[in-house]
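For reference, the structure discussed in these notes is given below.
2 protein chains.
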Amino acid sequence: MPADLALYTYFRSSAAFRVRIALNLKGLKPEMHFVHLRKNAHHSDAYKRVNPLRLVPTLVSDSQTIGQSLAIIEYLDAIAPQPPLMPEGAKAKARVREIALGVACDIHPIANLRVLQYLKNKMGAGEEALLEWQRHWIGEGLAALEQLLANDPATGKFCHGDTPTMADACLIPQLYNAKHRVDMDLSPYPTLLRIEEAAYKLPAFVAARPENQPDAD
Amino acid sequence: MPADLALYTYFRSSAAFRVRIALNLKGLKPEMHFVHLRKNAHHSDAYKRVNPLRLVPTLVSDSQTIGQSLAIIEYLDAIAPQPPLMPEGAKAKARVREIALGVACDIHPIANLRVLQYLKNKMGAGEEALLEWQRHWIGEGLAALEQLLANDPATGKFCHGDTPTMADACLIPQLYNAKHRVDMDLSPYPTLLRIEEAAYKLPAFVAARPENQPDAD
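Here you go:
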């Protein structure tokens, strides 16, 4: 494990939520730096020097800066292998990555804060249209994941087997977002809800929730 | 290497383009199935059985279905390790994944066909607004990648070192899209253009281009 480990995070960020889950599962406690996205702290010159992509989260480990939550989680899994967040075997790894990317590529970026701001400011979208936008893309993505998970014997208590993996670290924040930000009915996704229930029995998932962060306002 | 290997692809898909590059670099020749996205072939019941997420590409290997281009590329790298598309070492792997995800999460999904169709059909966006949308998100993402790559000694002839990795397999299709679909001026991104030039000296990248596919129309 590296001597220095620091995380740039924002309590509301779904991608930071994923990394917090991974850190908690592994019992890692990096130095925390809070970047207030809604106050545009990510556009400061100081943060641009930390992460030129100006996205949150960023991990700094042994003076290397790593952006992108999935790259961070796989890195953490390499430097602190226990408990593993990736399964053994190429096919199993591919399945976990597929589920994680199903959230991280196909749902989250489209319903993200910066996209909503563009729709509002540049295209004149009203509150109702913004809500409908988010619900549409989240609904499409969750329906696909439900079908993927419900019909596969590799699904266990969690997305892959009976212990949490990177897939759960992505799914749980997305479900949180769907419930608490855009007030969606998640009953069409019983497999996802069952996995969420299992996840919140673990303190690592509870402690990672936005409202449990020091920078929550 | 698995006995059976099949790819569901579409010539215009940027994500399929990434996988074609990886397959070509490794000299793998899967059975090809063509899914015509603009004719909505991905919404057929037959394709939904192959990939419930109804996205392209999908790899089928030894009867396991793998969706998501990055999961597919990492899988190919595991089953056919030469030449490697991921570097050795946790930090180097993290950097390659960060660049790849900078394209796959932060640029491509937002400027994707299904999002453009929604903007047009549900929000009444005109052609000019759709072009501006794409140029905005592609420009933001490429500017960030330029800064990330230009200022890092780990960048070589390619995104990471002097041989192509998963990062290049993501970057090159995105540059193709920016040039040929939305006619962007890429001169603000000299490092990316230099890498593109190096890439197209390799037949693997040229053969993967949309216009060189059997299903191109």
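Chain order of the listed sequences is W and F. Under the working numbering, the first residue of the first sequence is numbered 325, with each subsequent residue one higher. Under the working numbering, the first residue of the second sequence is numbered 325, with each subsequent residue one higher. Just so you know, even glycine gets a beta-carbon here, dropped at the ideal spot from N, CA and C.
Would you kindly report the start and end of the unbroken beta strand (DSSP E) that includes phenylalanine 358 of chain F? Note, phenylalanine 358 of chain F: beta strand (DSSP E), 355 to 358.
Opposing strand residues paired with glutamine 388 of chain F [DSSP bridges]: F:Ser385
Can you confirm whether lysine 481 of chain F, when its beta carbon is compared against all beta carbons of chain W, has any partner nearer than 8 Å? No, no contact with chain W.
One question on the structure: do alanine 523 of chain W and alanine 346 of chain W come within less than 8 Å of each other, judged by their Cβ atoms? no
Quick one: list the residues of chain W neighbouring histidine 460 of chain F, beta-carbon separation under 9 Å, in chain order. Tyr442 and Lys446
Determine, using beta carbons only, whether lysine 350 of chain F comes closer than 8 Å to chain W. no
Starting from threonine 333 of chain F, follow its DSSP beta bridges and name the residues at the other end. In the DSSP assignment, the residues bridged to threonine 333 of chain F are F:Phe358.
Go ahead and label serine 387 of chain F buried or exposed: buried means 16 or more other beta carbons lie within 10 angstroms of its beta carbon, across all protein chains shown. exposed
Do you know offhand how far leucine 329 of chain W's Cα is from serine 385 of chain W's? 5 Å
Does the CB of isoleucine 345 of chain F have a neighbour CB from chain W at under 8 Å? no
Nearest-angstrom Cα distance between tryptophan 457 of chain W and leucine 443 of chain W? 10 Å
If you scan the segment 421 to 491 of chain W from start to end, which runs of the alpha helix (DSSP H) of 4 or more residues do you find wholly inside it? 437 to 445 and 451 to 474
With distances taken from CA atoms, which of F:Gly391, F:Ala416 and F:Leu383 is nearest glutamate 398 of chain W? F:Ala416
Using only the alpha-carbon positions, how far apart do alanine 428 of chain W and aspartate 541 of chain F sit? 31 Å
So what does DSSP say about arginine 505 of chain W, is it helix, strand or coil? coil
Using a Cβ-Cβ distance under 8 Å, would glutamine 406 of chain F count as near chain W? no
Could you confirm whether any beta carbon from chain W is found closer than 8 Å to the beta carbon of glutamine 392 of chain F? Residue contact check for glutamine 392 of chain F against chain W: a CB pair falls below 8 Å.
To the nearest angstrom, how far is the alpha carbon of arginine 362 of chain F from that of leucine 454 of chain F? 17 Å
Would you decide whether glutamine 441 of chain W is buried or exposed? Buried here means 16 or more other CB atoms lie within 10 Å of its CB. exposed
Using only CA atoms, which one of W:Pro433, W:His460 and W:Asp507 lies nearest to lysine 542 of chain F? This structure gives no information on residue 542 of chain F, because the portion of chain F shown stretches from 325 to 541.
Alanine 531 of chain W (DSSP reduced to helix, strand or coil): helix
Rounded to the nearest angstrom, what separates glutamate 451 of chain W and alanine 340 of chain W at their Cα positions? 25 Å
Among W:Ile396, W:Gly351 and W:Leu377, which residue has its Cα nearest to the Cα of leucine 331 of chain W? W:Ile396
Please state the DSSP three-state secondary structure of asparagine 536 of chain F. Three-state DSSP puts asparagine 536 of chain F in a helix.
Would you identify the three-state DSSP class for aspartate 369 of chain F, choosing helix, strand or coil? helix
Can you confirm whether isoleucine 519 of chain F, when its beta carbon is compared against all beta carbons of chain W, has any partner nearer than 8 Å? no
Quick check: the segment 460 to 476 of chain W against the segment 512 to 526 of chain W, are there 3 or more CB pairs under 8 Å? yes
Locate the alpha helix (DSSP H) running through asparagine 375 of chain F, then write down its first and last residues. Premise fails: asparagine 375 of chain F is in no alpha helix (DSSP H) and is neither H nor E.
Anyone know if the C-beta pair for cysteine 483 of chain F and isoleucine 423 of chain F falls short of 8 Å? yes
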